[in-house]
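Trainee: I'd like to ask some things about the structure below.
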Amino acid sequence: MMRRAISLVHAIGAAATIALAGCARDLPAAGPPAAATARTATAGAASGALLVTPAKLNFTTKAALVLTIREGRYHGAFTVAVKSAKVVGIPTRPLHGPGPVALRVLAKSAGTTIVIVRDALRHAVKVPVTVTTGVVVVQ
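Residue 134 in the numbering used here sits at position 132 of the sequence shown, with consecutive numbering throughout.
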(Lines of atoms letter the chains of each structure in order from A and count residues from 1; the text may use other names and numbers.)
(Lines give C-alpha, C1' and ligand atoms only; values in the text may rest on other atoms or scores of the structure.)
Protein backbone atom coordinates (compact mmCIF):
# COMPACT_ATOMS: atom_id res chain seq x y z
CA MET A 1 0.00 0.00 0.00
CA MET A 2 2.84 2.39 0.81
CA ARG A 3 4.45 1.89 -2.64
CA ARG A 4 1.15 2.66 -4.39
CA ALA A 5 0.78 5.87 -2.37
CA ILE A 6 4.33 6.96 -3.26
CA SER A 7 3.76 6.13 -6.95
CA LEU A 8 0.54 8.16 -6.92
CA VAL A 9 2.37 11.13 -5.34
CA HIS A 10 5.07 10.93 -8.05
CA ALA A 11 2.45 10.71 -10.82
CA ILE A 12 0.54 13.72 -9.46
CA GLY A 13 3.81 15.68 -9.10
CA ALA A 14 4.82 14.91 -12.70
CA ALA A 15 1.40 15.94 -14.01
CA ALA A 16 1.55 19.20 -12.05
CA THR A 17 5.04 19.92 -13.39
CA ILE A 18 3.88 19.38 -16.97
CA ALA A 19 0.78 21.53 -16.40
CA LEU A 20 2.88 24.33 -14.90
CA ALA A 21 5.37 24.12 -17.77
CA GLY A 22 2.49 24.63 -20.20
CA CYS A 23 1.25 27.68 -18.28
CA ALA A 24 4.72 29.23 -18.03
CA ARG A 25 4.55 30.32 -21.69
CA ASP A 26 1.95 32.94 -20.79
CA LEU A 27 4.01 34.49 -17.99
CA PRO A 28 6.56 37.27 -18.57
CA ALA A 29 10.12 35.93 -18.61
CA ALA A 30 12.60 36.97 -15.96
CA GLY A 31 15.96 38.32 -17.06
CA PRO A 32 16.99 40.52 -19.97
CA PRO A 33 14.42 42.00 -22.36
CA ALA A 34 13.19 39.73 -25.15
CA ALA A 35 14.97 41.82 -27.80
CA ALA A 36 18.33 40.94 -26.22
CA THR A 37 17.81 37.17 -26.26
CA ALA A 38 17.32 34.59 -29.00
CA ARG A 39 13.84 33.12 -29.16
CA THR A 40 13.46 29.34 -29.01
CA ALA A 41 10.75 27.11 -30.44
CA THR A 42 9.92 24.16 -28.16
CA ALA A 43 7.99 20.89 -28.29
CA GLY A 44 7.57 18.11 -25.73
CA ALA A 45 7.82 17.89 -21.96
CA ALA A 46 9.82 20.57 -20.18
CA SER A 47 12.57 18.25 -18.93
CA GLY A 48 13.53 16.75 -22.30
CA ALA A 49 12.04 19.23 -24.74
CA LEU A 50 13.00 19.48 -28.38
CA LEU A 51 14.49 22.96 -28.68
CA VAL A 52 15.17 24.80 -31.93
CA THR A 53 16.85 28.21 -32.01
CA PRO A 54 16.00 30.72 -33.43
CA ALA A 55 12.22 30.39 -33.50
CA LYS A 56 12.03 31.88 -37.02
CA LEU A 57 14.42 32.54 -39.89
CA ASN A 58 14.44 35.77 -41.89
CA PHE A 59 16.81 35.84 -44.83
CA THR A 60 17.38 39.53 -45.59
CA THR A 61 21.13 39.87 -46.25
CA LYS A 62 22.64 36.38 -45.87
CA ALA A 63 22.14 33.39 -48.15
CA ALA A 64 22.65 30.88 -45.29
CA LEU A 65 21.45 30.82 -41.68
CA VAL A 66 21.91 28.22 -38.93
CA LEU A 67 19.24 26.48 -36.83
CA THR A 68 20.47 24.93 -33.59
CA ILE A 69 18.67 21.76 -32.49
CA ARG A 70 18.95 20.15 -29.05
CA GLU A 71 17.00 17.79 -26.86
CA GLY A 72 18.35 16.79 -23.45
CA ARG A 73 18.60 13.07 -22.72
CA TYR A 74 17.52 12.19 -26.29
CA HIS A 75 20.07 10.25 -28.34
CA GLY A 76 17.94 9.35 -31.35
CA ALA A 77 17.70 10.85 -34.82
CA PHE A 78 16.23 14.20 -35.75
CA THR A 79 14.47 14.51 -39.08
CA VAL A 80 14.14 17.83 -40.85
CA ALA A 81 11.72 18.68 -43.64
CA VAL A 82 10.85 21.84 -45.49
CA LYS A 83 7.38 22.65 -46.87
CA SER A 84 8.73 24.37 -50.00
CA ALA A 85 12.11 23.22 -51.30
CA LYS A 86 11.94 26.06 -53.86
CA VAL A 87 12.40 28.66 -51.08
CA VAL A 88 15.13 27.06 -48.90
CA GLY A 89 17.34 24.02 -48.96
CA ILE A 90 18.46 21.81 -46.10
CA PRO A 91 21.21 19.20 -45.99
CA THR A 92 20.25 15.54 -46.08
CA ARG A 93 22.89 14.31 -43.61
CA PRO A 94 21.66 12.43 -40.53
CA LEU A 95 21.26 14.47 -37.32
CA HIS A 96 21.35 12.93 -33.83
CA GLY A 97 20.54 14.18 -30.31
CA PRO A 98 21.03 15.35 -27.70
CA GLY A 99 22.82 18.22 -29.45
CA PRO A 100 23.45 20.99 -29.94
CA VAL A 101 23.31 20.17 -33.64
CA ALA A 102 23.87 22.96 -36.18
CA LEU A 103 21.69 22.81 -39.31
CA ARG A 104 22.64 25.15 -42.15
CA VAL A 105 19.59 26.41 -44.07
CA LEU A 106 20.23 27.87 -47.53
CA ALA A 107 18.06 30.48 -49.24
CA LYS A 108 17.06 29.54 -52.81
CA SER A 109 14.43 32.06 -53.86
CA ALA A 110 12.12 34.69 -52.42
CA GLY A 111 9.08 33.43 -50.53
CA THR A 112 7.90 31.91 -47.27
CA THR A 113 7.94 28.35 -46.00
CA ILE A 114 8.23 26.28 -42.83
CA VAL A 115 11.10 24.07 -41.67
CA ILE A 116 9.87 21.20 -39.49
CA VAL A 117 12.21 19.46 -37.02
CA ARG A 118 11.02 16.14 -35.54
CA ASP A 119 12.34 13.48 -33.18
CA ALA A 120 11.34 9.82 -32.90
CA LEU A 121 9.20 10.63 -29.82
CA ARG A 122 6.68 12.51 -32.01
CA HIS A 123 7.83 15.94 -30.88
CA ALA A 124 7.90 18.50 -33.69
CA VAL A 125 8.92 22.13 -33.96
CA LYS A 126 7.84 24.32 -36.89
CA VAL A 127 10.11 27.22 -37.78
CA PRO A 128 8.65 29.88 -40.11
CA VAL A 129 11.06 31.04 -42.83
CA THR A 130 10.97 34.21 -44.94
CA VAL A 131 13.33 34.91 -47.83
CA THR A 132 13.18 38.44 -49.25
CA THR A 133 14.19 39.44 -52.76
CA GLY A 134 17.24 41.34 -51.46
CA VAL A 135 19.13 38.11 -50.67
CA VAL A 136 21.82 37.14 -53.14
CA VAL A 137 21.44 33.41 -53.71
CA VAL A 138 24.49 31.52 -54.99
CA GLN A 139 23.75 28.15 -56.58
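Cβ atoms here follow ideal geometry from the backbone N, Cα and C, with glycine treated the same way.
Predicted, not measured: the structure shown is a model, and the values here were computed from it.
Of the choices Val90, Leu53 and Ala112, whose alpha-carbon is the least far from that of Ile71?
Mentor: Out of Val90, Leu53 and Ala112, Leu53 has the C-alpha closest to the C-alpha of Ile71.
Trainee: Would you call the CB atoms of Val89 and Val127 closer than 8 angstroms?
Mentor: No, the pair does not count as a contact, with Cβ atoms beyond the cut-off.
Trainee: Looking at the structure shown, is Gly74 part of a helix, part of a strand, or coil, going by DSSP?
Mentor: In the structure shown, Gly74 sits in coil (DSSP, three-state: anything other than H, G, I, E or B).
Trainee: Tell me Arg2's beta-bridge partners as DSSP assigns them.
Mentor: In this structure the chain extends from 3 to 141, so residue 2 is not present and cannot be described.
Trainee: Quick one: Cα of Asp121 to Cα of Pro93, how far?
Mentor: Those two C-alpha atoms are separated by around 17 angstroms.
Trainee: Excluding the 5 residues flanking Ala66 on each side, which residues of the same chain have their C-beta closer than 8 angstroms to its C-beta?
Mentor: The answer, listed in chain order, is Arg106, Val107, Leu108 and Ala109.
Trainee: How far does the beta strand (DSSP E) with Ala104 in it extend, from its first residue to its last?
Mentor: Ala104 -> beta strand (DSSP E) spans Val103 to Ala109.
Trainee: Considering only DSSP beta bridges, list what Ala66 is partnered with.
Mentor: Partner(s): Leu108.
Trainee: Quick one: residues in its chain with C-beta nearer than 6 angstroms to the C-beta of Gly91, no 5 flanking neighbours on either side, listed in chain order?
Mentor: Excluding positions up to five away in sequence, the list reads Leu108 and Lys110.
Trainee: Would you mind sorting Thr63 into buried or exposed? The rule is 16 or more other CB atoms within 10 Å of its CB.
Mentor: Exposed.
Trainee: Between Pro130, Val129, Leu123 and Pro56, which lies nearest to Tyr76 when the distance is taken from Cα to Cα?
Mentor: Looking at the Cα atoms, Leu123 is the closest of the given residues.
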